[in-house]
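Participant: First, the structure itself, so that you have it in front of you.
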Amino acid sequence: MEIGELILDKYRVLNKLGEGAFSVVFRACEEMLNRSVAIKALKKAEYPPDRMRSLLANEFQSMAKLAEHPNVVTIHTVEPGKDIYSAFIVMECLESSLDQPMKAGPMGLTETLNIGLDICRGLQEAHAQNILHRDIKPQNILLTTDKQAKIADFGIARILSDTTEYAKTRAGTPRYMAPEQTSGKYDYRVDLYATAVVLYQMVTGQFPFSGDDGEIEGIDKCPEVLRSFFQKALKLRREERYQNAEEMYDALDRIHKADQIRADMVLIPAGEFEMGSNDAADAIAHEQPVHTVYVDAFYMDQYEVTNAQYADFLTAKGKHAEADHTWLHIENARARIERVGGVYRATADYEDHPVMYVSWYGAMAYAQWAGKRLPTEAEWERAARGGLAGFKYPWGDTIESSQANYNGFIGGTTAVGEYPPNGYGLYDMCGNVWEWCLDEYDSYFYAISPSQNPLSGVPSVKWLLDNYTGFTSSRVLRGGSWITFALSVHVASRSGSSPAYASGFGGFRCVRAVR
Numbered sequence: 000m001e002i003g004e005l006i007l008d009k010y011r012v013l014n015k016l017g018e019g020a021f022s023v024v025f026r027a028c029e030e031m032l033n034r035s036v037a038i039k040a041l042k043k044a045e046y047p048p049d050r051m052r053s054l055l056a057n058e059f060q061s062m063a064k065l066a067e068h069p070n071v072v073t074i075h076t077v078e079p080g081k082d083i084y085s086a087f088i089v090m091e092c093l094e095s096s097l098d099q100p101m102k103a104g105p106m107g108l109t110e111t112l113n114i115g116l117d118i119c120r121g122l123q124e125a126h127a128q129n130i131l132h133r134d135i136k137p138q139n140i141l142l143t144t145d146k147q148a149k150i151a152d153f154g155i156a157r158i159l160s161d162t163t164e165y166a167k168t169r170a171g172t173p174r175y176m177a178p179e180q181t182s183g184k185y186d187y188r189v190d191l192y193a194t195a196v197v198l199y200q201m202v203t204g205q206f207p208f209s210g211d212d213g214e215i216e217g218i219d220k221c222p223e224v225l226r227s228f229f230q231k232a233l234k235l236r237r238e239e240r241y242q243n244a245e246e247m248y249d250a251l252d253r254i255h256k257a258d259q260i261r262a263d264m265v266l267i268p269a270g271e272f273e274m275g276s277n278d279a280a281d282a283i284a285h286e287q288p289v290h291t292v293y294v295d296a297f298y299m300d301q302y303e304v305t306n307a308q309y310a311d312f313l314t315a316k317g318k319h320a321e322a323d324h325t326w327l328h329i330e331n332a333r334a335r336i337e338r339v340g341g342v343y344r345a346t347a348d349y350e351d352h353p354v355m356y357v358s359w360y361g362a363m364a365y366a367q368w369a370g371k372r373l374p375t376e377a378e379w380e381r382a383a384r385g386g387l388a389g390f391k392y393p394w395g396d397t398i399e400s401s402q403a404n405y406n407g408f409i410g411g412t413t414a415v416g417e418y419p420p421n422g423y424g425l426y427d428m429c430g431n432v433w434e435w436c437l438d439e440y441d442s443y444f445y446a447i448s449p450s451q452n453p454l455s456g457v458p459s460v461k462w463l464l465d466n467y468t469g470f471t472s473s474r475v476l477r478g479g480s481w482i483t484f485a486l487s488v489h490v491a492s493r494s495g496s497s498p499a500y501a502s503g504f505g506g507f508r509c510v511r512a513v514r
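Per numbering that gives the first Met the number 0, the very first residue in the sequence shown carries number 0; after that it's consecutive.
Have a look at this one:
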């Protein structure tokens, strides 16, 4: 087909989207409806003449059975082919496939979980119709503009008859194939194995195996909340893996819900701002000099991490300390988290209050578990200012008790979100609890701070995250607390303390990078 050609008197070919061994995919305009479509043109040369009819019938029947599922690419119609093509499959046009964002490096936990759940939904429907895909890979996962995943190319799918336990032919892409797939004797579980390989590649940027010893490589790069999932999903013996798409979906959904990974995060746009304060009356030396800083875009929790959220983390880990570091000083009654048996739970009526008596190590461990991290000091201040410039507080130069929890007016913490948000929709950036940041506290850092994405004390965020348990130098705290004076809750206010320090005035919130 030529670009600009009108085929079958109704499809104007616009450009080629891709090509595989069995087909070429074009983007076209269906002129009568003025809608964009993708046309999968099946190559005659790759379909043996004596099997042409059965192969094409198999492909079309597979697609027809799945045509209406939201996580399977919609097929509009099948048209007779011409010239070197045996048939044209006309489908919805989704020009982005999963392999494109994966080329930029590891993807975030949120995206990985959402796409994994979408794939599992599509496979549930396919397997219920006795259809295997047999070639799940990033190129066959298409993405809508809002990042919904849809499975494409059931072209090598085999419809299982009631009398056939296994598909009898070998098909697929080797790096995503389950061990049993090379033998030609396999079932639905090969699709689940391939899905796990795709998800592992998404979140780590690498394949799980380079040899055949069954040892997963680079598992330490994977968020802790997903490690047990992969250790089961990638077992060499299929009997030890997830046994159906529903089971795999449920496992991912539990992780998704437990971490609240999609909830309550706000996009902070990239840009410059003036960091620090030169206020003649209130500025302290370590808030000076004011300097222009650029930070990349990132997502930040709308709310400080709560007792209920932190209790879920402790329950998942089964402990509140690790090695030489105490995460939460649970022995202090004001910590508002108690342990009953092997379960941690927030004290009644304090579930939505910010966690306190948490060390920097404890904040870092939680963030890692949640697939997030602590903010840099620069990220924190940019977010706290809410898009405004030159003011002491997120809303202006004065503060009242109706705007934040500070100065001991309440006598303790309040539930997160009880005071008005700033311009970015973030709550309690002033008062309630001090918030841990990644940076080493250095009272002179502003004089030597880099102008882009500054971070004190270490060469990079990644290096810090990989080595944080060995740090002993003071860490930055920002935002003031329920007991501090107005001077200490303005947006430029800084403090620092030992990473082991924990008090009834300190907590944290998390961020994650924009992928």
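We put the beta carbon where it would ideally sit given N, CA and C, even for glycine.
Could I get the ranges of all uninterrupted beta strand (DSSP E) runs contained in the stretch 244–320, with 3 residues as the minimum, in chain order?
Facilitator: Entirely contained in the stretch 244–320, the beta strand (DSSP E) runs reaching 3 residues are, in chain order, 264–267, 270–274, 290–294 and 297–300.
Participant: Near Pro207, which residues of its chain fall below 6 Å by C-beta distance, leaving aside the five closest residues on each side in sequence?
Facilitator: Tyr199, Ile215 and Leu233
Participant: Might you give, ordered along the chain, the residues of its own chain that have their beta carbon closer than 6 Å to the beta carbon of Leu116, omitting 5 neighbours on each side?
Facilitator: Leu251.
Participant: For the stretch 330–408, list the beta strand (DSSP E) runs that are entirely contained and at least 3 residues long, ordered along the chain.
Facilitator: 336–339 and 342–345
Participant: Please report how far the alpha carbon of Thr412 lies from the alpha carbon of His68, in whole angstroms.
Facilitator: 47 Å
Participant: Express the C-alpha separation of Trp326 and Ala315 in angstroms, rounding to a whole number.
Facilitator: Roughly 14 Å separates the two Cα atoms.
Participant: Going by DSSP, what residue range makes up the beta strand (DSSP E) through Leu437?
Facilitator: Trp433 to Glu439
Participant: Using DSSP with H/G/I as helix, E/B as strand and the rest coil, what is Arg474?
Facilitator: strand
Participant: From Arg298 to Asp134, what distance separates their C-alpha atoms?
Facilitator: Before going on, a small fix: residue 298 reads as Tyr here, not Arg. For Tyr298 and Asp134, the distance between alpha carbons rounds to 34 Å.
Participant: Under the DSSP definition of a beta bridge, which residues are partnered with Lys149?
Facilitator: Leu141
Participant: If you draw a straight line from the C-alpha of Ala310 to the C-alpha of Arg508, how long is it?
Facilitator: Each residue's Cα considered, the two are about 15 Å apart.
Participant: According to DSSP, which residues form a beta bridge with Tyr84?
Facilitator: Lys42
Participant: Helix, strand or coil for Asn452? Go by DSSP, reduced to three states.
Facilitator: Of the three classes helix, strand and coil, the one that applies to Asn452 here is coil, per DSSP.
Participant: Starting from Arg120, follow the alpha helix (DSSP H) in both directions and report where the run begins and ends.
Facilitator: Leu108 to Ala127
Participant: Our contact map puts Gly505 next to Val432 with C-beta atoms below 8 Å; I'd like the distance itself, whole angstroms only.
Facilitator: 6 Å
Participant: Taking buried to mean at least 16 other C-beta atoms within 10 Å of its own C-beta, is Gln451 buried or exposed?
Facilitator: exposed
Participant: Smallest Cα separation from Asp295: which of Gly422, Thr375 and Ala320?
Facilitator: Thr375
Participant: Residues in its own chain within less than 8 Å of Thr163 by CB, not counting five upstream and five downstream?
Facilitator: With a pLDDT of only 43 at Thr163, under 50, the local geometry of the prediction cannot be trusted, and the value read off the model is given with reservation. Cβ within range, chain order: n/a, list empty.
Participant: Leaving out five residues on either side along the sequence, give the residues of the same chain with a beta carbon under 6 Å from the beta carbon of Val289.
Facilitator: Glu273, Gly275 and Asn277
Participant: Looking at C-alpha atoms only, which residue of Pro79, Ser95 and Leu97 is the closest neighbour of Val89?
Facilitator: The alpha carbon of Val89 has as its nearest neighbour, out of Pro79, Ser95 and Leu97, the alpha carbon of Pro79.
Participant: Is Gly104 closer than 8 Å to Gly217 when the C-beta atoms are compared?
Facilitator: In this structure, Gly217 lies away from Gly104, with their beta-carbon atoms at least 8 Å apart.
Participant: How many Å lie between Ala414 and Pro353 at the Cα?
Facilitator: 7 Å
Participant: Going by C-alpha distance, which of Gln138, Glu124, Val304 and Thr73 is nearest Tyr426?
Facilitator: Val304
Participant: Suppose the cutoff is 6 Å on Cβ atoms and the five residues either side in sequence are ignored; what does the same chain contact list for Ser160 look like?
Facilitator: Because the pLDDT of Ser160 is 44, which lies under 50, any placement of that residue in the model is unreliable, and the number read from its coordinates should be weighed accordingly. Counting only Cβ-Cβ distances below 6 Å, and skipping sequence neighbours, we find nothing.
Participant: Using DSSP with H/G/I as helix, E/B as strand and the rest coil, what is Leu239?
Facilitator: The question names Leu, but residue 239 is Glu in the sequence shown. Helix, per DSSP.
Participant: Phe228: buried (16+ other C-beta within 10 angstroms of its C-beta) or exposed?
Facilitator: buried
Participant: Does the stretch 233–247 touch the stretch 182–194, meaning 3 or more C-beta pairs lie closer than 8 Å?
Facilitator: yes
Participant: Who are Ile6's beta bridge partners in DSSP?
Facilitator: Tyr10
Participant: Measure the C-alpha to C-alpha separation of Leu141 and Ala151 and round it to an integer number of angstroms.
Facilitator: 7 Å
Participant: Within the continuous beta strand (DSSP E) that includes Ser227, where are the two ends?
Facilitator: First-last for Ser227: Glu223 to Ala232, but that is the alpha helix (DSSP H), not the beta strand (DSSP E).
Participant: State the DSSP-derived secondary structure class of Ile447, mapped to helix, strand or coil.
Facilitator: coil
Participant: Identify whether Ile130 lies in helix, strand or coil by the three-state DSSP scheme.
Facilitator: strand
Participant: Are Lys521 and Ser85 touching if we call contact CB-CB under 8 Å?
Facilitator: Here the chain has residues from 0 to 514 only, and residue 521 is not among them.
Participant: With 16 as the cutoff for other CB atoms within 10 Å, does Lys149 come out buried or exposed?
Facilitator: buried
Participant: Give me, in chain order, the residues of the same chain whose beta-carbon lies closer than 6 Å to that of Ala485; leave out the 5 immediate sequence neighbours on both sides.
Facilitator: Ile398
Participant: For Leu5, collect the residues of the same chain with a Cβ closer than 6 Å to its Cβ; drop the 5 residues on either side in sequence, then sort them by chain order.
Facilitator: Arg11
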